[in-house]
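Asker: Numbering (our numbering), first residue to last: 1015 to 1152.
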Amino acid sequence: MVNAQSGLTIAVAGGATGNGGLIVQTGGSGRAQQWRVEDVGAGCYQLANAHSGMAMDNPGGSTGNGTQMQQWSFAPGNINQTWCFYEAGGGLYSIRNRASGLLLAVRAGSSGEGDAVQQWAGDPAAPQPSQSWRLVPA
């Protein structure tokens, strides 16, 4: 998953393999930047990191803007780990967390390597560039 604004991919910081590993944006295409997209129905998915096998997770089901995402043990049906994809045009998607209703975004529209991937309020049909993602097969 590549951010439309920064051109960087979603990854687990430092290739961490344990609970609480932070989600960041980074260059490259290693296994820590690859995600299995597992269909849970209704246009929603759970995202499992190819390196750690853990799920992208909204910590504690936070509803706050600016909460950085983490990885956590995969739990089928956990809405903190459920992400709904919306077409945003031009081959881009917005990705909304089912627990919070907020969109996956890069912090403050950053283009820096290692910067946080967080959630922020937005319109799934008309996301900001920092909230727009291109899905690239690994």
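We put the CB at the ideal spot given by N, CA and C, even for glycine.
Quick caveat: nothing in here was measured; it's all calculated off a predicted structure.
Give every residue of the same chain whose Cβ lies closer than 6 Å to the Cβ of residue 1144, excluding the five residues on either side of it in the sequence, and list them in chain order.
Answerer: Correct list, in chain order: 1019, 1119, 1120, 1123.
Asker: Which of the three DSSP states is assigned to residue 1029 in this structure?
Answerer: The answer is helix: DSSP assigns residue 1029 an H, G or I state.
Asker: If you draw a straight line from the C-alpha of residue 1071 to the C-alpha of residue 1088, how long is it?
Answerer: Taking the straight line joining both Cα atoms gives about 9 Å.
Asker: Please check the pair residue 1037 and residue 1083, which I expect to be a contact at CB under 8 Å, by giving their CB distance rounded to whole angstroms.
Answerer: Right, the Cβ-Cβ distance comes to about 4 Å (below 8 Å), so this counts as a contact.
Asker: Any idea which residues DSSP pairs residue 1060 with across the strands?
Answerer: Note: residue 1060 sits in a beta bridge opposite 1052, 1096.
Asker: Looking at residue 1110 and residue 1093, is the spacing between their C-beta atoms short of 8 Å?
Answerer: Not closer than 8 Å, so no.
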